[in-house]
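Enquirer:
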Amino acid sequence: MEKIRSRRLRSSCFWSDRSILVETDLELGPLQIAKVLCNIVESEEPDLILMGKQAIDDDCNQTGQMLAGILGWPQATFISEINLREKEVFLKREIDSGVEELKTTLPCVVTVDLRLNNPRFISLPNIIKAKKKEIKVIDAKELNIDLARKTKIIEINEPEQREKGEIIQDVDELIDCLRKSGVLNK
């Protein structure tokens, strides 16, 4: 709880007015987290949900998409720039071939890239104000939703070590190596 309160304190210094902490002893997967968030969204009625693009513990990159699907809301993923105009949202995301520009309407779910924001310095007065902001704590059992995981992680293995590479000094040495390995014929 203290670790979460510490993170909450940091985030509230930036932009949030209050926080909601859902407590559970269960290990939740992306679908279960989306169900919890859906329950909160239904009671809070936000227009825009901003989420990280993927979890740092399992790299799933699924919760935002699942939440949008459950809610029936439009979604945009990996966003690096957001502009709101009335009920429209103009978005940009970096893709392999350049920058893609998107447009959707509110309400929507947006997963964001690290490039969206540069954290600013937190002043002492803002830290003091943040300590006074509300943290609403909800027991996940009170939500009356199925939080059982549908998949189970059986095992996590480190990748096999690859053979050490060989540094080749010039073209002649490369040709010799390729001939010796049978890749090149004489």
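In this note's numbering, the protein residues as written are 277 to 462. Cβ atoms here follow ideal geometry from the backbone N, Cα and C, with glycine treated the same way. No experiment lies behind these values; they were computed from the predicted model shown.
1. Closest to G441 by C-alpha separation, out of E431, C453, E434, I430, would be which residue?
2. For F366, count neighbouring Cβ atoms within 10 angstroms of its own Cβ and tell me buried if that reaches 16, exposed if not.
3. Please state whether the Cβ-Cβ distance between T381 and E370 is less than 9 Å.
4. Rounded to the nearest angstrom, what separates S356 and G340 at their Cα positions?
5. Please specify which runs of the alpha helix (DSSP H), each continuous and at least 4 residues long, are wholly inside the region 324-410, giving them in chain order.
6. In this structure, what does DSSP give as the bridge partners for S295?
7. Let me know the secondary structure DSSP gives A424 once reduced to three states.
8. For T427, count neighbouring Cβ atoms within 10 angstroms of its own Cβ and tell me buried if that reaches 16, exposed if not.
9. Taking the beta carbon of I309 as the centre, do at least 16 other beta carbons fall within 10 Å, making it buried, or is it exposed?
10. Could you tell me how far apart the beta carbons of I346 and K311 are, in whole angstroms, since I believe they sit closer than 8 Å?
11. Rounded to whole angstroms, what is the Cα-Cα separation between V459 and E436?
12. Closest to E362 by CA distance: which of E318, A352, L324, R294 is it?
13. To which residues of the same chain is A416 closer than 8 Å at the C-beta, ignoring the five residues directly before and after it?
14. What separation, rounded to the nearest whole angstrom, lies between the Cα atoms of L326 and I358?
15. May I ask you to report which of helix, strand or coil DSSP gives E418?
Expert: So, to answer that:
1. Each of E431, C453, E434, I430 was checked against the Cα of G441, and the nearest Cα belongs to C453.
2. Answer is exposed; the Cβ neighbour count stays below 16.
3. In this structure, E370 does not lie closer than 9 Å to T381 by Cβ.
4. Using only the alpha carbons, I get a separation of about 15 Å.
5. If only uninterrupted alpha helix (DSSP H) runs of at least 4 residues are considered, those enclosed by the region 324-410 are 339-347, 400-407.
6. Paired residue(s): I411.
7. Correct three-state label for A424: coil.
8. Its Cβ having fewer than 16 others within 10 Å, T427 is exposed.
9. By the neighbour-count rule (16 or more Cβ atoms within 10 Å), I309 is buried.
10. Cβ atoms of I346 and K311 come within 8 Å of each other, at about 7 Å.
11. Inter-residue distance for V459 and E436 is about 25 Å (C-alpha atoms, whole angstroms).
12. Answer by Cα proximity: L324.
13. Around A416: V298, E299, T300, L302, V312, L423.
14. Distance between the alpha carbons of L326 and I358 is about 10 Å.
15. Three-state result, E418: helix.
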